[in-house]
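Peer 1: In my numbering, the protein residues as written are -2 to 215.
Beta carbons are placed, not taken as given, at the ideal position from N, Cα and C, and that holds for glycine.
These numbers were taken from a predicted model, which means no experiment stands behind them.
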Amino acid sequence: MSRKTTIMINGNPTPLDITFRANSVNVNIRVDSQVIKASAPKGYPLKQIAALIEKNQDRIELEIRRQRQLRRRVDRQGQVTIVGRTYSIEKVANLTQAHCQGGVISIGHQNAQEQLDGFAYRQLHNYMAKKAISSGVAINGLRIGRYKSKWGSCNYRTRILAFNGELAFLPTNVIDYVFYHEIAHLKHPNHSADFWREVEGLMPDYQTYRKELKQVQI
Ligand SMILES: [Zn+2]
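Here you go:
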């Protein structure tokens, strides 16, 4: 059973999703994509969940702000950076697919976010395809998708790489790190010392960007 509501966090209405679980013992609170997600034992009083959130609102607010900063999207000036390139955004009525000319991305009013994502994912696809060619690695396929819990994956047998489209909104060094990480898996389908040596050979300063990526919630 779940319940969606809104709660005030330091004066700002914030979406709250509560999941009640029969096997839960404690109340658990986290922030995911700027939404407060709480899980609680079945029948747990809503008031007590709200009180617990209120008690932790500074920490929650900080986390929401951190996610907002680290995650992308369009800034106050109406600009967005996609695969290292900054574009301005222009809203055009009745447009069903984003298109780009001279550094301006035009998107329709409806499904604006999906249209922007579609454009960003295509840019990421091109970027990764070029990187695969310039790295001289033989792959059989490249997929860009929406994944809840991974930035990239590599099928060692089929040699098909998959990347999370959200990478498009992160700095190019971070994108490159994920690329080299998956490329290294073509040789080592594990996270052994040999695997990490392979990554280091491909990108000597990978640790900086690995750390940076860890700061970003998918
Ligand atoms: Zn890995």
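(1) When you compare only the Cα positions, how much space is there between Cys97 and Tyr84?
(2) Helix, strand or coil: which one does DSSP assign to Arg56?
(3) Per the contact definition of three or more C-beta pairs closer than 8 Å, is the region 88 to 96 in contact with the region 35 to 47?
(4) Just reading off the alpha helix (DSSP H) that Gly142 is part of, what are its end residues?
(5) Given the structure, does Glu179 come close to ligand 1, in the sense that its CB is under 8 Å from one of the ligand's heavy atoms?
(6) Please report the residue range of the beta strand (DSSP E) in which Arg18 lies.
(7) What do you get for Asp173, buried or exposed, if any count of 16 or more other CB atoms within 10 angstroms of its CB means buried?
(8) Quick check: the Cα distance between Ala109 and Ala181, rounded to an integer number of angstroms?
(9) Does any heavy atom of ligand 1 sit closer than 8 Å to the C-beta of Ala188?
(10) Under 7 Å Cβ to Cβ from Glu60, same chain only, skipping five residues before and after it: list those, please.
(11) What would DSSP say about Arg119, mapped onto helix, strand or coil?
Peer 2: Taking the structure as given:
(1) On the sequence shown, position 100 is the one that residue 97 refers to. On the sequence shown, position 87 is the one that residue 84 refers to. Approximately 9 Å between the Cα atoms of the pair.
(2) The residue labelled residue 56 in the question sits at position 59 within the sequence shown. Here Arg56 sits in helix by DSSP.
(3) no
(4) Along the sequence shown, one-based indexing puts residue 142 at 145. Careful: Gly142 lies outside any alpha helix (DSSP H), inside the beta strand (DSSP E) at Gly138 to Gly142.
(5) Position 182 of the sequence shown, counted from the first residue, corresponds to residue 179. The answer is yes for Glu179.
(6) Residue mapping note: residue 18 aligns to position 21 of the sequence shown, counting from 1. Here the beta strand (DSSP E) through Arg18 covers Asn9 to Arg18.
(7) As a first step, residue 173 is located in the sequence shown; it is residue number 176 there, counting from the start. When all chains shown are included, Asp173 counts as buried.
(8) The count along the sequence shown starts at 1 and reaches residue 109 at position 112. The count along the sequence shown starts at 1 and reaches residue 181 at position 184. For Ala109 and Ala181, the distance between alpha carbons rounds to 36 Å.
(9) For this step, residue 188 is matched to residue 191 along the sequence shown. The amino acid at residue 188 is misidentified as Ala; the sequence shows His. Checking the Cβ of His188 against ligand 1 gives yes.
(10) In the sequence shown, counting from the first residue as 1, residue 60 sits at position 63. Here the set comprises Val28.
(11) In the sequence shown, residue 119 corresponds to position 122, counting from 1. Correct three-state label for Arg119: helix.
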